[in-house]
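Student: As they're listed, the protein sequences go chains A and B. Just remember that the working numbering sits 3 ahead of the position in the first sequence, which is counted from 1. Just remember that the working numbering sits 3 ahead of the position in the second sequence, which is counted from 1. In this text, a Cβ means the ideal position worked out from N, Cα and C, and glycines have one as well. Mind having a look at this structure? Questions to follow.
Number of protein chains: 2
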Amino acid sequence: MTATLLNGRELAKTMQEEINADVAAFKSAYGFAPTIAVLRAGEDPASVSYARAIEKAFGARRMGFALHTLPDSASQSEIVALVAKLNADANVHGIMVQEPLPKGIDEAIVKEALSPDKDVDGVHPVNAGRLSQVAPVGRPPMVGPFFVPATPAGGLEILKRFNVELKGKHAVVLGRSNIVGKPMAMLLLRENATVTLCHSLTADLPAVCRSGDILCAAVGRAQMIKGDWIKPGAVVIDFGVNFVGEQMAGDVDFAAAQEVAGMITPVPGGTGPMTNVMLMRNVIEAARRQAR
Amino acid sequence: MTATLLNGRELAKTMQEEINADVAAFKSAYGFAPTIAVLRAGEDPASVSYARAIEKAFGARRMGFALHTLPDSASQSEIVALVAKLNADANVHGIMVQEPLPKGIDEAIVKEALSPDKDVDGVHPVNAGRLSQVAPVGRPPMVGPFFVPATPAGGLEILKRFNVELKGKHAVVLGRSNIVGKPMAMLLLRENATVTLCHSLTADLPAVCRSGDILCAAVGRAQMIKGDWIKPGAVVIDFGVNFVGEQMAGDVDFAAAQEVAGMITPVPGGTGPMTNVMLMRNVIEAARRQAR
């Protein structure tokens, strides 16, 4: 058996067309483009290249992009002051603060300085809290509007667009970061899956992974999840972005896994290309809410 | 085999002595008592009797208690205005808004009107979000201070005081309410358990429950969890408060369960008596933070 490929690159292209239409409609209604501000302190190479990728992606969709940089020596109050300025700037609809922040900066304080309404990265506790508290799909949400971090939102979007049944299924999420594992677990719970969150201290991790109808991997260790950790026919969502030499590799041993799984995201070309489109969707949504 | 009884009533008595000492120390340092304000709109009988129980419990510990009632006809803006007044009142350290609120009131707006610093019930999204985002025990928290809802906090306290190992264990939480199931799952995850959240749509619920080294039940259905749903030797925390005729019953079939489990909370006398002491602890903590 060979698994169906969950082609995130193709899906992202489809969604870029949808975003083009959304941006055009927004512009004709309001006369300006949904705009993100990216804030960076220092010149971490990965952050620099990620900011360039965002700029390029937003430019291609004719959305607004503004980069605000501070030196590595920036103080916490300088960073917070810049966040406050962007919060107050009506021409900025979404704000992303790039990590890592310089040493000695309290990330919690910077995150909470963001206006939750502009926190398109979903890092503010208000957004994490509303995601945690929101009612299951099909019921009134019982919380205010919120933003979900783009990477897990992209994973869920793949599952939905490929019509993967989630209700009542057992979803196993491997990894418990605040930007992938935990929000992914909450998204799956909201879709009425039974959700298991496991991590580096989990006993008999292979057996736990094998119990998942849906297996989401976000551990950051190349090819850690072996073929025999996967339930035959399971749907595998691989959030891993690792390098083996020059070669990008996921958290899942893809060659072995595709012989066992029913559906699987490749790396590269799976969850990765979805992240930028979900970020764009969040910025458009932020602009809509603010324009109302 | 008969399970060890996790006697919450006895533990609550021990903790009341600790609270007496904490309150005395607080009063001698600051000259006033940690004080809760309870806000109720309407006269729901269960809410009336719960407020009386809180008043009695706080009085017995010489802590402050103030009840603020509005008529069932109170508008949302009247309720929010009262919350704002209590937020601003330096003599009030913790605020609890009783549910149910009158029909037509948006609970989300009332919850978010609370100052997170006085939200001793842990219902504000900022508190739920920080609990969701907090790092595992033993690492810097990476979030600001927060409050956990009293009922799951009491369940965790029982596990800790009875020296139940949580790290690497499989904890199954049955029920996903915002006041018990979801925060309990987050607390157990923080303690490095592997956590499964299941609910009414979970497939083969007995088998999922049977996979738990720790089984926490918060479904609100009397004696739903049968003896053969429990892994032999498992630790069972029963949050259920149900009535079978005049008799209080948990979510677990206690008579059958105690023959299988290693440890179990009775109902009544298990998690119930812990809720008030955890609420008191939250109010003392709130008063300390505000006094600094």
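Unbroken alpha helix (DSSP H) runs of length 4 or more, entirely within the segment 63 to 124 of chain B: which are they?
Tutor: Listed in chain order, the complete alpha helix (DSSP H) runs (minimum 4 residues) inside the segment 63 to 124 of chain B are 79 to 91 and 110 to 116.
Student: Since residue 120 of chain A contacts residue 293 of chain A with CB under 8 Å, what's their CB separation in whole angstroms?
Tutor: Right, the Cβ-Cβ distance comes to about 7 Å (below 8 Å), so this counts as a contact.
Student: Check the Cβ-Cβ distances between residue 112 of chain B and every residue of chain A, and say whether any is below 9 Å.
Tutor: So, interface residue.
Student: Quick check on residue 147 of chain A - is its C-beta less than 9 Å from some C-beta in chain B?
Tutor: Taking Cβ atoms only, chain B reaches closer than 9 Å to residue 147 of chain A, which makes this a yes.
Student: Suppose only complete runs of 3+ residues qualify. What are the beta strand (DSSP E) ranges in the segment 147 to 187 of chain B, listed by chain order?
Tutor: As far as the segment 147 to 187 of chain B is concerned, its whole beta strand (DSSP E) runs of at least 3 residues are 173 to 177.
Student: How about residue 200 of chain B and residue 188 of chain B: do their beta carbons lie closer than 9 Å?
Tutor: Yes, the Cβ-Cβ distance between residue 200 of chain B and residue 188 of chain B is below 9 Å.
Student: Output yes or no for whether 9 Å exceeds the beta carbon distance between residue 176 of chain A and residue 146 of chain A.
Tutor: No; because the gap between Cβ atoms is not below 9 Å, this pair is not in contact.
Student: Of all the CB atoms in chain B, is at least one closer than 9 Å to the CB of residue 171 of chain A?
Tutor: Yes, because at least one Cβ of chain B sits closer than 9 Å to the Cβ of residue 171 of chain A.
Student: Taking only beta-carbon positions, decide if residue 214 of chain A is within less than 9 Å of chain B.
Tutor: Output row for residue 214 of chain A: interface = yes.
Student: By the 10 Å Cβ neighbour count, where 16 or more other Cβ atoms means buried, how is residue 13 of chain B classified, buried or exposed?
Tutor: Exposed, by the Cβ-count rule.
Student: Residue 223 of chain A: beta carbon under 8 Å from a heavy atom of the ligand PLP?
Tutor: Among the ligands in the structure shown, none appear at all, so the ligand PLP cannot be discussed.
Student: Which residues, in chain order, does the segment 4 to 18 of chain B contribute to contact with chain A at a C-beta distance below 9 Å?
Tutor: Going along the segment 4 to 18 of chain B in chain order, one finds no residue with a Cβ nearer than 9 Å to chain A.
Student: Would residue 224 of chain A count as contacting chain B if we go by Cβ distances under 9 Å?
Tutor: Chain B contact via Cβ: absent.
Student: Answer with buried or exposed for residue 75 of chain B, where buried requires no fewer than 16 other C-beta atoms within 10 angstroms of its C-beta.
Tutor: Residue 75 of chain B should be labelled exposed.
Student: Measure the beta-carbon distance from residue 44 of chain A to residue 69 of chain A and round it to whole angstroms, keeping in mind my assumption that it falls under 8 Å.
Tutor: Not really, about 15 Å apart at Cβ, beyond 8 Å.
Student: Which one of A/295, A/115, A/280 and A/202 has the shortest CA to CA distance from residue 155 of chain A?
Tutor: Minimum Cα distance to residue 155 of chain A is reached at A/280.
Student: State the DSSP-derived secondary structure class of residue 29 of chain A, mapped to helix, strand or coil.
Tutor: It is helical.
Student: Just to confirm my understanding: we take residue 65 of chain B, look at its own chain, exclude 5 residues before and 5 after, and list those with CB closer than 7 Å. What are they?
Tutor: These residues qualify, in order along the chain: 26 and 36.
Student: Tell me the DSSP secondary structure of residue 227 of chain A in three-state form.
Tutor: Coil, per DSSP.
Student: Under a Cβ-count criterion, where at least 16 other Cβ atoms within 10 Å of its own Cβ denotes burial, should residue 163 of chain A be classed as buried or exposed?
Tutor: It counts as exposed.
Student: To which residues of the same chain is residue 136 of chain A closer than 6 Å at the C-beta, ignoring the five residues directly before and after it?
Tutor: Closer than 6 Å at the Cβ level, and outside the excluded window around residue 136 of chain A, lie 146.
Student: Mapping the DSSP letters down to three states, classify residue 238 of chain A as helix, strand or coil.
Tutor: In the structure shown, residue 238 of chain A sits in a strand (DSSP, three-state: E or B).
Student: Listing by chain order, which chain B residues have their CB less than 7 Å from the CB of residue 131 of chain A?
Tutor: By Cβ distance, chain B contributes 132, 135 and 136.
Student: Please report the residue range of the beta strand (DSSP E) in which residue 245 of chain B lies.
Tutor: Unbroken beta strand (DSSP E) run through residue 245 of chain B: 245 to 247.
Student: Mind checking who residue 41 of chain A pairs with in its DSSP beta bridge?
Tutor: In DSSP, residue 41 of chain A forms a bridge with A/70 and A/99.
Student: List, in order along the chain, the chain A residues whose C-beta lies closer than 7 Å to that of residue 211 of chain B?
Tutor: 197, listed in chain order.
Student: How long is the line joining the alpha carbons of residue 15 of chain B and residue 277 of chain B, rounded to whole angstroms?
Tutor: For residue 15 of chain B and residue 277 of chain B, the distance between alpha carbons rounds to 5 Å.
Student: Distance cutoff 9 Å, beta carbons only. Does residue 115 of chain B sit that close to anything in chain A?
Tutor: Yes, because at least one Cβ of chain A sits closer than 9 Å to the Cβ of residue 115 of chain B.
Student: Less than 8 Å between C-beta atoms, sequence neighbours within five positions excluded: which residues of the same chain meet that for residue 213 of chain A?
Tutor: Taken in chain order, the residues that qualify are 231, 232, 233 and 234.
Student: Going along the chain, which residues of its own chain have a beta-carbon closer than 6 Å to the beta-carbon of residue 236 of chain B, five neighbours each way excluded?
Tutor: Excluding positions up to five away in sequence, the list reads 265.
Student: Take residue 243 of chain A as the anchor and find which of A/217, A/259, A/263 and A/272 has the nearest alpha-carbon.
Tutor: For residue 243 of chain A, the nearest C-alpha among the options comes from A/272.
Student: May I ask you to list, following chain order, the residues of the segment 161 to 187 of chain B that have a beta carbon less than 8 Å from some beta carbon of chain A?
Tutor: Taking 8 Å as the Cβ-Cβ cut-off against chain A, the residues of the segment 161 to 187 of chain B that qualify are 170, 171, 172, 173, 179, 181 and 185.
Student: Give a yes or no on whether 9 Å exceeds the smallest Cβ distance from residue 189 of chain B to chain A.
Tutor: So, interface residue.
Student: Starting from the Cα of residue 139 of chain B, find the closest Cα among B/158, B/149, B/161 and B/170 and give me that residue.
Tutor: Residue 139 of chain B has its Cα closest to that of B/170, out of B/158, B/149, B/161 and B/170.
Student: Does residue 219 of chain B have its Cβ less than 9 Å from a Cβ in chain A?
Tutor: For residue 219 of chain B, the answer is no, since every Cβ of chain A falls outside 9 Å of its Cβ.
Student: Residue 206 of chain A touches chain B at which residues, Cβ-Cβ below 8 Å?
Tutor: Chain B residues near residue 206 of chain A: 171, 172, 173 and 197.
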